[in-house]
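Asks: Every number in our numbering is 597 more than the matching position in the sequence shown, counting from 1. Glycine residues also receive a C-beta, built at the ideal position from the N, C-alpha and C atoms. Values in this document were obtained by computation on a predicted structure and should not be read as measured data. Dropping a structure here in structure tokens format, bear with me for questions.
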Amino acid sequence: MGNVDSNSSNGAVLISSTFGNDTAYAWTFIFRVQAVIAHALSQRGIVACLSFAHIRGPITTLGPDTPFYAFEFDPMNITPVSAIKLLRRVHRHSIRFAYLTDMPTWHWIYPLMRLAGVRRIVTHCHVSVASPDPVPKERGLRRLAKMLIHMTPLRADTVYAVSSFVMQRLVAKACYPASRTYVIRNGIDLDRFASTPVSAPQAPLKVFLGARATRFKGVQTLIEATELLARREGIPPFVVRYAGDGPEIDLFRTQAREAGIDGNFTFLGELSDIRGELAAADIVVVPSIWGDASPLAAIEALAAGK
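Below is the structure:
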């Protein structure tokens, strides 16, 4: 429905994003979550105020019948000027609750938001990290300092984590209270991804990967593995079908071309719908080389029976 006046007697809820409204991949899923929340709020007469790090073109992340107000605010690059603008909007639109995506468990902006009228601050953590291993518990003075910070208005009221892996990091390293941390796993529409089981693999064997074209997702590792298998005797015919785009796509194309695996590795580009590829795949790979918070690629593949 577009921007509306969100200054209602019921107050408003800020739904904040750390990326722009035109960001795809994992954020497409996050935007769907936000759309469900905004729609549920509208049914209760509460307007959603959306903030994005940048706004390019029309905002299409919500349903067409969901009223909202939107503005630019980059929570990863807060300046005094942007903080003042945010607080003015909090006051102007009677924002009483804040639902923040991937914001830290504590921040200096939180007490200022409370002074401007926000009653409750919730953060939803989907953050992936460099290491896939559980982090050791913070100790000594650093642990004490972090625990004390989380006893002040600097702290978010509640933190939702998308996996036990994320929750462990928040409690052990950030020292956020476990009693205020909840795991809400990424959901999936099983009916949407259901596919007819493949009775037997057909030649060539189909291997599928859907991921953004960055090193973190391990695409280069899959290309290296494809080269090794293509040179090995006794390996049945196979093809890797990679769906994705991103900042390192040209690097990956060059790597595959120099490896001489054009017949075994196919670049599909970014697909708006991967269900057909999942249904046809014999094997789905998730070669991430970092600590993925909760990879949708694995969840969708399981939902497709792979």
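Can you check whether the CB of Ala900 is closer than 8 Å to the CB of Val881?
Replies: As a position in the sequence shown, residue 881 is number 284, starting the count at 1. As a position in the sequence shown, residue 900 is number 303, starting the count at 1. No, they are not a contact pair.
Asks: Could you check what DSSP says for Glu845 in three-state terms: helix, strand or coil?
Replies: One-based indexing of the sequence shown puts residue 845 at position 248. Three-state DSSP puts Glu845 in coil, outside helix and strand.
Asks: Do Phe665 and Val687 count as a contact pair if the criterion is CB distance below 8 Å?
Replies: Numbered from its first residue, the sequence shown carries residue 687 at position 90. Numbered from its first residue, the sequence shown carries residue 665 at position 68. No.
Asks: DSSP state of Thr698, grouped into three classes?
Replies: Sequence index remark: in the sequence shown, residue 698 carries index 101 (1-based). Here Thr698 sits in strand by DSSP.
Asks: For Lys803, does the three-state DSSP call read helix, strand or coil?
Replies: In the sequence shown, the residue the question calls residue 803 occupies position 206. DSSP places Lys803 within a strand segment (E or B) once states are collapsed to three.
Asks: Under 8 Å by Cβ, that's how I've got Ile634 and Tyr696 pegged, so tell me the actual separation to the nearest angstrom.
Replies: Here the question's residue 634 lines up with position 37 in the sequence shown. Here the question's residue 696 lines up with position 99 in the sequence shown. Tyr696 and Ile634 do touch by the CB rule: their CB atoms are close to 7 Å apart, below 8 Å.
Asks: When DSSP builds the beta bridges, which residues end up paired with Ile880?
Replies: Here residue 880 corresponds to residue number 283 of the sequence shown, with the count starting at 1. Val804.
Asks: Roughly how far, in whole angstroms, is the beta-carbon of Gly815 from the beta-carbon of Ala840, given that I think they are within contact range, below 8 Å?
Replies: On the sequence shown, position 218 is the one that residue 815 refers to. On the sequence shown, position 243 is the one that residue 840 refers to. Not confirmed; about 14 Å, so no contact.
Asks: According to DSSP, what are the bridge partners of Cys646?
Replies: Within the sequence shown, numbered from 1, the residue matching residue 646 stands at position 49. In the DSSP output, where bridge partners are listed per residue, Cys646 has Leu611, Tyr666.
Asks: Can you give me the start and stop residues for the alpha helix (DSSP H) that Val837 sits inside?
Replies: In the sequence shown, the residue the question calls residue 837 occupies position 240. No alpha helix (DSSP H) holds Val837; the beta strand (DSSP E) holding it covers 835-840.
Asks: For the alpha helix (DSSP H) that contains Arg711, what are its first and last residues?
Replies: As a first step, residue 711 must be located in the sequence shown, where it is residue number 114. Per DSSP, Arg711 belongs to the alpha helix (DSSP H) from 706-713.
Asks: Counting only the same chain and skipping the five closest in sequence on each side, list residues whose C-beta sits under 6 Å from that of Ile820.
Replies: Here residue 820 refers to the residue found at position 223 of the sequence shown. Hits under 6 Å: Gln852, Ala853.
Asks: How long is the line joining the alpha carbons of Ala876 and Leu802, rounded to whole angstroms?
Replies: Looking up residue 876 in the sequence shown gives position 279. Looking up residue 802 in the sequence shown gives position 205. C-alpha separation (whole angstroms): 13 Å.
Asks: Since Phe694 and Val756 are thought to touch, with beta carbons under 8 Å apart, how far apart are those beta carbons, to the nearest angstrom?
Replies: In the sequence shown, the residue the question calls residue 694 occupies position 97. In the sequence shown, the residue the question calls residue 756 occupies position 159. 15 Å between Cβ atoms; not a contact.
Asks: Out of curiosity, what's the CA-to-CA distance linking Pro731 and Val759?
Replies: Translated into the one-based positions of the sequence shown, residue 731 becomes position 134. Translated into the one-based positions of the sequence shown, residue 759 becomes position 162. Cα-Cα distance, rounded: 15 Å.
Asks: Which whole runs of the alpha helix (DSSP H) in the stretch 735-806 are 4 residues long or more, in chain order?
Replies: 737-746, 761-769, 787-790
Asks: Go ahead and pull the three-state DSSP assignment for Val719.
Replies: What you label residue 719 is simply residue 122 of the sequence shown in a count that begins at 1. Judged by DSSP in its simplified three-state form, Val719 adopts strand.
Asks: What residue does the beta strand (DSSP E) around Leu865 start on, and which one ends it?
Replies: As a working mapping, residue 865 is identified with position 268 in the sequence shown. If you look at Leu865, you'll find it in the beta strand (DSSP E) that goes 862-866.
Asks: Identify, in the order they occur along the chain, each residue of the same chain with its Cβ nearer than 7 Å to the Cβ of Pro774, setting aside the five sequence neighbours on each side.
Replies: Against the sequence shown, residue 774 aligns to sequence position 177. Excluding sequence neighbours, Pro774 sits near His747.
Asks: Return the CA-CA distance between Gly873 and Val804, expressed in angstroms with no decimal places.
Replies: Here residue 873 refers to the residue found at position 276 when the sequence shown is read from its first residue. Here residue 804 refers to the residue found at position 207 when the sequence shown is read from its first residue. The alpha-carbon atoms of Gly873 and Val804 are separated by roughly 13 Å.
Asks: Three-state secondary structure (DSSP) at Ser885?
Replies: One-based indexing of the sequence shown puts residue 885 at position 288. Note: Ser885 maps to coil in three-state DSSP.
Asks: Would a C-beta distance cut-off of 8 Å place Thr615 and Pro672 closer than the cut-off?
Replies: For this step, residue 615 is matched to residue 18 along the sequence shown. For this step, residue 672 is matched to residue 75 along the sequence shown. Contact: yes.
Asks: Suppose the cutoff is 8 Å on Cβ atoms and the five residues either side in sequence are ignored; what does the same chain contact list for Gly617 look like?
Replies: Taking the sequence shown and counting its residues from 1, the one referred to as residue 617 is at position 20. For Gly617, where only same-chain residues beyond five positions count, the Cβ hits under 8 Å are Phe649, Ala650, His651, Ile652, Arg653.
Asks: Out of Pro701, Ala713, Met700, which has the shortest C-alpha to C-alpha gap to Leu684?
Replies: Residue numbering aside, residue 684 sits at position 87 when the sequence shown is read from its first letter. For the residues Pro701, Ala713, Met700, the minimum Cα distance to Leu684 belongs to Ala713.
Asks: Check whether the Cβ atoms of Ile718 and Ala667 lie closer than 8 Å to each other.
Replies: Taking the first residue of the sequence shown as 1, we reach residue 718 at position 121. Taking the first residue of the sequence shown as 1, we reach residue 667 at position 70. Going by C-beta atoms, Ile718 is not nearer than 8 Å to Ala667.
Asks: Roughly how many angstroms lie between the CA atoms of Ile706 and Met700, to the nearest whole one?
Replies: Counting from one through the sequence shown, the residue named residue 706 turns up at place 109. Counting from one through the sequence shown, the residue named residue 700 turns up at place 103. The alpha-carbon atoms of Ile706 and Met700 are separated by roughly 11 Å.
Asks: Out of curiosity, what's the CA-to-CA distance linking Ile675 and Trp887?
Replies: In the sequence shown, residue 675 corresponds to position 78, counting from 1. In the sequence shown, residue 887 corresponds to position 290, counting from 1. Their backbone Cα atoms lie some 27 Å apart in a straight line.
Asks: Using the beta-carbon count (16 or more within 10 Å), is Arg829 buried or exposed?
Replies: Here residue 829 is taken as the residue at index 232 of the sequence shown, counted from 1. By the 10 Å Cβ count, Arg829 comes out exposed.
Asks: If I follow the unbroken alpha helix (DSSP H) through Arg689, where does it start and stop?
Replies: Working through the sequence shown from its first residue, we reach residue 689 at position 92. Note, Arg689: alpha helix (DSSP H), 677-689.
Asks: Where DSSP assigns a beta bridge to Val726, which residues make up the other side?
Replies: In the sequence shown, the residue the question calls residue 726 occupies position 129. DSSP output for Val726 lists Gly888 as bridge partner(s).
Asks: Ends of the alpha helix (DSSP H) at Arg904?
Replies: The structure shown does not extend to residue 904, since the chain is modelled only from 598 to 903, so the question has no answer here.
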